[in-house]
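Per the numbering used here, the very first residue in the sequence shown carries number 13; after that it's consecutive.
Here's the structure we're looking at; comments come further down.
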Amino acid sequence: MNNPLVSFLYLTAAPLNEEILFRVIFLGMPLLIILFRYKNSFISALIHPSKNISVESSRDKNILFLIIFLNSVFFGLAHVIFGGNYEIGKITQASLGGLFLGWLYYRYGLGTSIIFHWISNYVLFSYGLFGSVLFNVSWSEESNNYFLMPISIAFFIAGVIFIYKYSEKLLKFLLTNKKSV
């Protein structure tokens, strides 16, 4: 995109599309299939999972965590694989964001995850646009934008640490359940 105004338009549509695809279909549907206890309707459970899905046992909590974690990693990979013109560091940044968005979706509902996704996209894009004016670089390039670079590096480091930490937890969970089978 050469026009930042057109990109702002796409940033408006992206949270709607991505939250419906990644949260409702790839997160809500598996949660319903595995953990749904028929408190309310199926649609209500997809819009606000925590009000409709019982997570009482530690097994259910582990399943919830596993599904949210896998969803967030897939969300991060999708930002690079499916042509977002992002650099490889976007995987950890988007995965970390996807983890938070997945938790928001589960706990507070679809509307909350869409609004947070929209706000975070606009804030990061605005920082990039502002940095391009300050440093006379392309607004769409994260690596040469010195205003956006510290934010990108912080997200990358936090994402690597987070993915390592929770991959270790996931591995322990899988090995513990494999022994008990």
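Think of the CB as a built atom: it goes at the ideal place given N, C-alpha and C, for glycine as much as any other residue.
For Ile-75, the three-state secondary structure derived from DSSP is helix. Inter-segment contact for the stretch 67–74 and the stretch 123–141 is absent: fewer than three beta-carbon pairs are separated by less than 8 Å.
Leaving aside the five residues that flank Phe-128 on each side, the residues in its chain whose CB is nearer than 8 Å to its CB run, in chain order, Phe-112, Leu-113, Leu-116.
The stretch 72–85 makes no contact with the stretch 144–151: fewer than 3 CB pairs, one atom from each, lie closer than 8 Å.
The beta-bridge partner set that DSSP reports for Phe-48 consists of Ile-65. Remark: three or more beta-carbon pairs, one from each stretch, lie closer than 8 Å, so the stretch 130–145 and the stretch 14–34 are flagged as touching.
Here the alpha carbons of Gly-171 and Leu-78 stand approximately 17 Å from one another. Straight-line measurement puts the Cα of Ala-90 at about 23 Å from the Cα of Lys-181.
Spanning the alpha carbons of Leu-43 and Lys-102 requires a straight line of approximately 26 Å.
In the displayed model, Gly-88 falls within a helix according to three-state DSSP. In the structure shown, Glu-180 falls within a helical segment according to DSSP collapsed to helix, strand and coil. DSSP places Leu-113 inside the alpha helix (DSSP H), whose first and last residues are 102–120. Collapsing the DSSP output to three states places His-60 in coil.
In this structure, Gly-143 is the residue among Phe-167, Gly-143, Ile-169, Phe-168 with its C-alpha nearest to the C-alpha of Tyr-158.
Residue range 16–30 is occupied by the alpha helix (DSSP H) that includes Asn-29.
Taking 8 Å as the cut-off, the Cβ atoms of Ser-107 and Ile-175 count as close.
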